[in-house]
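Per full-length UniProt numbering, the sequence shown runs over residues 1 to 468. We put the CB at the ideal spot given by N, CA and C, even for glycine. Worksheet: one structure, shown below.
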Amino acid sequence: MFRKPYKEANEDIKEDDSLKKPTKEKTLSVKNLKTMYNVSFRYAFIAIIICILISTLFLKIHGSNIYAIAEPEYPSKIGFDDIDEKRKRMEDIDEEFLEKLETFSLKSSSLVLSKGDNKKNRLYSPISLYMDLSMAAETADGDTQQEILQALDMDINMMRDETGKLFRRLYFYNEIGKLNLGNSLWLNENIDFNEEMLDLLKEKYYAGSYNIDFSNKEDAKKISKWVSNQTGGKLGNSFDDFALNQDDVMTLINTIYFYDEWIDRFDAKNTKEGEFYLGDGSKVMTDFMNMEYGSHGFVDAKCYTASYLSLKNNNRMVFILPDDGKTPSDIISNPEILGEALDCFSSNDYKTGRVIFKIPKFNFSSKESVKEFCIDLGIKDAFKEETADFSNLSDIKPLFISDIMQNSTISIDEKGVEAAAYTEITYAGAAEPDGIAEMILDRPFIFAITGIDASPLFVGIINNPNVE
């Protein structure tokens with residue numbers, strides 16, 4: 001299944017010819033490997049999210065071509081209307097795994113987003129960090145591996161068996177939208193790596209492995225090009241973001257490119273300028289998209305109001321508006337409250353009624369290290385030169401993680417970017433109204449893109465929609 005790299009699902013995600021040269025002589029074959037990751041109108045509003053997560057393994061060693069050691073075969077495309085094929089490929093994912101993944105997603109989102117500058121917009125992808133940490137766990141051994149697994153609250157076999165299913169369930173690539181996940185390892189060509197481990201990462205985690213010269217700064221362009229290809233050119237355009245150091249052994253990159261359309265499209269003629277009140281009491285003028293439902297779901301909780309908009313590829317964008325006197329941090333700092341808000345459509349407090357949406361358009365990028373948050377989760381040895389054990393990847397020592405960076409960008413607007421054809425779908429279902437919710441997002445709020453079982457793919461905070 002994994003022998004032919006990047007087939008039709010990846011027609012626009014191609015590598016240089018130089019990627020095709022095998023270099024098995026650069027790897028170390030290891031025997032006895034231990035068993036161990038949704039009223040249709042004329043204009044479309046589009047949600048685009050791209051995230052890259054980079055972790056770098058560091059080695060005190062001094063050691064250009066790029067070579068592919070292992071390349072995965074991505075799932076093939078399924079047409080948006082091809083319901084039969086979608087059913088054929090449906091896989092059951094272990095419920096315990098999904099519960100643990102949701103717990104990790106909420107806990108890590110709370111840690112990452114409850115801290116930092118409350119004047120900036122924030123965006124975090126728990127799925128991206130999960131993918132990165134799961135691969136790190138595979139390459140680790142001993143206490144280093146156990147700390148990562150404990151942070152994820154999974155054993156190695158569950159992680160290994162279910163992550164591929166998760167990848168395939170989340171992945172979609174059709175005429176309406178795309179959720180593309182990409183995993184890659186960029187390896188120092190002067191180091192011997194465990195070939196069996198690289199093959200396992202290819203087969204279980206859809207990870208490609210590539211040799212580069214870490215002493216040649218020009219090779220950063222190759223990583224940059226791969227990231228740009230994976231994210232539709234939205235990220236990775238500056239190779240300075242991938243500066244190489246000859247002391248680095250490996251850079252592990254997870255990318256997520258998300259693009260989808262609202263089921264019920266906003267009418268651009270209803271977009272109006274209005275006031276957005278900042279956390280310090282000042283205000284800015286920004287454009288608001290407007291829509292009203294006669295019957296729609298919402299939750300009116302003690303400290304917030306939440307509702308959602310559905311996307312055509314079975315994902316949802318949830319909006320959480322804190323009550324007057326409350327801040328996004330008051331909600332997001334408590335994983336339990338955050339989880340209840342994100343899963344509002346299955347809450348006991350769920351109601352249907354008239355819902356008025358007034359959503360500011362926004363477009364921003366975010367970049368930050370998540371290393372300290374990983375340490376807060378209990379992952380410590382992996383970052384220490386003297387205790388890190390990544391012997392399932394290479395016998396070279398000392399070998400440890402120097403940093404984990406997450407770069408992301410999101411935009412929701414009315415330009416119809418990258419949408420060549422639209423499928424008109426009207427809102428289905430109209431229960432008897434039993435209330436009203438005003439989702440007037442004119443002050444700081446929380447948003448999230450949720451996937452299967454309401455698991456958060458992306459969680460963010462808008463403090464100022466005009467800040468990019």
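For Tyr74, the secondary structure class from DSSP, reduced to helix, strand or coil, is coil.
Looking at the DSSP output, Lys272 bridges to Phe288. Counting only the Cα atoms, Ser108 lies some 25 Å from Asp349.
With a cutoff of 8 Å on beta-carbon distance, Leu166 and Ile93 are scored as near each other. The beta strand (DSSP E) runs of length 3 or more contained entirely in the segment 296-365 are, from start to end of the chain, 304-310, 316-322 and 350-360. Burial is judged here by how many other beta carbons sit within 10 angstroms of a residue's own beta carbon; Ile331 has at least 16 and is buried. Between Phe193 and Val249, the alpha-carbon positions lie close to 10 Å from each other. Arg122: member of the beta strand (DSSP E) spanning Arg122 to Tyr124, first to last residue. Only exposed fits Tyr277, as fewer than 16 other CB atoms lie within 10 angstroms of its CB. Per DSSP, the unbroken alpha helix (DSSP H) holding Phe167 starts and ends at Ile156 to Leu170. Residue pairing by DSSP puts Val459 in a beta bridge opposite Tyr124 and Ala448.
Residue state for Asp84 is assigned as helix, using DSSP reduced to three classes.
Residue Ser125 holds the alpha-carbon nearest to the alpha-carbon of Glu368 among Phe172, Phe104 and Ser125. If you draw a 10 Å sphere on the C-beta of Ala243, you find fewer than 16 other C-beta atoms in it, and that means exposed. For Tyr259, the enclosing beta strand (DSSP E) has its first and last residue at Asp248 to Glu261. Boundaries of the alpha helix (DSSP H) harbouring Tyr205: Glu195 to Tyr205, taken from the DSSP string. For Arg169, the number of other beta carbons within 10 angstroms of its own is at least 16, and it is reported as buried.
Straight across, the Cα-Cα distance linking Lys88 with Ile412 is about 32 Å.
With 16 or more other Cβ atoms from the protein chains shown falling within 10 Å of its own Cβ, Gly236 counts as buried. Under DSSP, Ala68 shares a beta bridge with Tyr210. Counting C-beta pairs with one atom in each stretch, the segment 152-164 and the segment 227-236 have fewer than three that are closer than 8 Å, which means they do not touch.
Apart from the 5 residues on each side of it in sequence, Thr139 sits with its Cβ closer than 7 Å to the Cβ of Met197, Phe390, Asn392 and Leu393 in its chain, given in chain order. When DSSP states are grouped into helix, strand and coil, Gly182 belongs to the strand group.
Going by beta carbons, Asn180 and Tyr171 fall inside the 8 Å limit. Residue nearest to Ile256 within the set Asn121, Ser128 and Met405 is Ser128 (criterion: CA-CA distance). By the beta-carbon neighbour count (other beta carbons within 10 angstroms, threshold 16), Ser329 is buried. The DSSP-derived three-state label of Lys283 is strand.
Ranked by Cα distance from Ile78, the first of Glu175, Arg122 and Leu101 is Glu175.
Cβ contact annotation for Asp143 (same chain, cutoff 6 Å, sequence separation greater than five): Asp381, in chain order.
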